[in-house]
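See structure below.
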RNA sequence: CGGGGUGUAGCUCAGCCUGGUAGAGCGCCACGUUUGGGACGUGGAAGCCGCAGGUUCAAAUCCUGUCACCCCGACCA
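Numbering (our numbering), first residue to last: 20 to 529.
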């Protein structure tokens, strides 16, 4: 058992932090609520960006960049929007530091209008769209931006909720209500497919209730994931903003009917929170488990030897295997690039930057096993003298910690790709099974309360209502996570009011 | 912002009650023996005891103030 990681059963919250620390994904920063994303953590974010960005481009979007600072007046233009974000805005009020009479630096040069550090960019982008859109011929506008945002949270947790975080926000403007609605659902599906096919996290697509929706949106859709401790986690949202922001910012165009009208806008985003979701959905008491498609390193080769003769023989076999998996030229390039370093990092896939590592460090093999296991690599390969003589090596799987013997001749690039795909399938299947097991039904409020106490999603008929939802949250800590799209049209008796209700999922959420 | 707690080596903490000038374990560095799932020995580096005042011959230790962090609440589209 890992000695630097608390078990999930002992202390789930501590386990989560220990896994992050052991895998060196992130660190605390000197500023409360902000985090440092370390190279291995950032590589996961880069993989997420790479995969999502491709999907955005494939659905017709382009990237742009809008400023970090937003005039305070912009935020107040949409009433619900400001109400939703006012409490968590960081504000820039001064332009410089000056030495005071006491010789200490103090803020000076007070700004005429305070600037808000963006909590999200609907407002600035709305302002710009108003200038760019004049005719129906200018529509649709399909822009995404990758950036940081800041929401001054009271209580923070690495990746899941930090004051500053990285995300992408798509902002589109359309000619018709229907187009905007189609866009909102299209991007929701992009998120679902991405979550499952890349991060191997099964999610449920649904609509948010009035109480839970984005401030300023007509409708908010979500993909909801379920973590191993039975708590739900919102993994991405897609909003149909109707004409709320186009009215507030005057995004008007002349339509095909010659009439001036307001555009219909949408926005959608996912953040570094997905890394937290990935950690909590898959990892175990031994440490991180990375879904193969975002793993910066897909396999490590660990040489095992005692004598110098064995060392020589084994080292050769390791290099040869790396050559079979990555190509001889890549191995040569890596050796040139890295000289005599103990970790030889060879590109397995140059497009994604994913590598295979040969671990030549002067450590005991057991230490190396734990080291890489905690970092979540999908596979570890052991090569010792017995393996070289027998023409086979040992492959260890991270997910189930099982091992198998593989003939050297069989180990090709395609072979490893297939193994990685299998691993992805297995991780996803395991998470899906957990998710399915964690959904239960309730026919009365009593039953709802009782089942919520046991964790997981509880499904029931409910008539959404702000006051009722607030009361339920007080009594159970749970919220309506979503009205699943799959059963959106089903109607039944609300477990609270007895009136006609919709099928919803309740859960305690992060 | 309320209630509770903690600040001493990179990490976890002892020392504080009863003032006398800095400790342990882990980690790190070097060397040697080891090496198919967390080895051991020897040596070494490392701390303005959160910060600022005060009491005292003398403060990690006592007093006052202050800052930061953690837990519980409030808050979290």
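All C-beta atoms, glycine included, are put in the ideal place defined by N, C-alpha and C.
Q: Compute the distance between the beta-carbons of residue 284 and residue 145, then report whether it is under 9 Å.
A: yes
Q: Mark residue 58 as exposed unless 16 or more other C-beta atoms lie within 10 angstroms of its C-beta, in which case mark it buried.
A: exposed
Q) Where do the ends of the beta strand (DSSP E) carrying residue 206 lie? A) Careful: residue 206 lies outside any beta strand (DSSP E), inside the alpha helix (DSSP H) at 196–216.
Q. How do the stretch 306–322 and the stretch 60–70 stand: do at least 3 beta-carbon pairs fall below 8 Å, yes or no?
A. yes
Q) Is the beta carbon of residue 340 sitting closer than 9 Å to the one on residue 323? A) no
Q | Whole-Å CB distance - residue 76 paired with residue 142, under 8 Å assumed | A | Not a contact, Cβ separation roughly 26 Å.
Q. What are the uninterrupted segments assigned as beta strand (DSSP E) that are 3 or more residues long and contained completely in the stretch 226–270, given in chain order?
A. DSSP runs (the beta strand (DSSP E)) wholly in the stretch 226–270: 238–245 and 251–261.
Q: For residue 206, collect the residues of the same chain with a Cβ closer than 7 Å to its Cβ; drop the 5 residues on either side in sequence, then sort them by chain order.
A: 189, 257 and 287
(Q) How far does the beta strand (DSSP E) with residue 47 in it extend, from its first residue to its last? (A) It spans 45–47 - the beta strand (DSSP E) in which residue 47 sits, taken as one unbroken run.
Q: Determine the direct distance from the alpha carbon of residue 273 to that of residue 280, and round the result to whole angstroms.
A: 6 Å
(Q) Would residue 228 and residue 499 qualify as a contact pair, given that the criterion is a beta-carbon distance under 9 Å? (A) yes
Q | Top-ranked residue by Cα proximity to residue 152, from 368, 270 and 356 | A | 270
Q.
If distances are taken between C-alpha atoms only, which option among 164, 233, 160 and 217 comes closest to residue 199?
A. 160
Q.
Closest to residue 130 by C-alpha separation, out of 477, 329 and 114, would be which residue?
A. The shortest Cα separation from residue 130 among 477, 329 and 114 belongs to 114.
**Q.** Coarse secondary structure for residue 383, derived from DSSP in three states
**A.** coil
Q. According to DSSP, is residue 188 helix, strand or coil?
A. strand
Q: Buried or exposed for residue 174, please, with buried defined as at least 16 other CB atoms from any protein chain shown within 10 angstroms of its CB.
A: Looking at its Cβ environment, which holds fewer than 16 other Cβ atoms inside 10 Å, residue 174 is exposed.
Q) Among 337, 461, 148 and 172, which one has its Cα closest to the Cα of residue 83? A) Considering only alpha carbons, the answer is 148.
Q | Selected residue, minimal CA-CA separation from residue 93, among 74, 127, 124 and 134 | A | When each option's Cα is compared against that of residue 93, the closest is 134.
Q.
Just to confirm before moving on: does the CB-CB distance between residue 21 and residue 304 stay below 9 Å?
A. yes
Q.
My output table needs one value for residue 33: the three-state DSSP class, helix, strand or coil.
A. Here DSSP, grouped into helix, strand and coil, assigns residue 33 to helix.
(Q) Using 9 Å as the threshold, is the C-beta distance between residue 440 and residue 311 below it? (A) yes
Q: Rank 452, 309, 353 and 352 by C-alpha distance to the C-alpha of residue 391 and give the top, closest one.
A: 309
Q) Does the separation of the CB atoms of residue 521 and residue 490 fall below 9 Å? A) no
(Q) The beta strand (DSSP E) that contains residue 401, what's its start and end? (A) It spans 398–402 - the beta strand (DSSP E) in which residue 401 sits, taken as one unbroken run.
Q: Can you tell me the Cβ-Cβ gap for residue 60 and residue 400, rounded? I've got them flagged as a contact below 8 Å.
A: Distance from residue 60 to residue 400 at the Cβ level is roughly 24 Å; contact not present, criterion being Cβ atoms closer than 8 Å.
Q | Same chain, Cβ closer than 7 Å to residue 443, five either side skipped, listed in chain order | A | 219, 310, 311 and 312
Q) Which value, in whole angstroms, describes the spacing of the CA atoms of residue 364 and residue 35? A) 28 Å
Q. Out of 336, 126 and 296, which has the shortest C-alpha to C-alpha gap to residue 430?
A. That would be 336, whose Cα lies nearest to the Cα of residue 430.
Q) Shortest alpha-carbon distance to residue 52 belongs to which of 357, 374 and 170? A) 170
Q) With distances taken between CB atoms, is the gap from residue 282 to residue 265 smaller than 9 Å? A) yes
Q) Where does residue 153 fall in DSSP's three states? A) coil
Q.
Under DSSP, the beta strand (DSSP E) around residue 280 begins and ends at which residues?
A. For residue 280, the enclosing beta strand (DSSP E) begins and ends at 279–281.
Q | For residue 224, the nearest candidate out of 196, 255, 236 and 247 (CA to CA) | A | Nearest C-alpha to residue 224: 255.
Q: Starting from residue 60, follow the alpha helix (DSSP H) in both directions and report where the run begins and ends.
A: It spans 58–77 - the alpha helix (DSSP H) in which residue 60 sits, taken as one unbroken run.
Q | residue 248 and residue 27 closer than 9 Å at C-beta | A | yes
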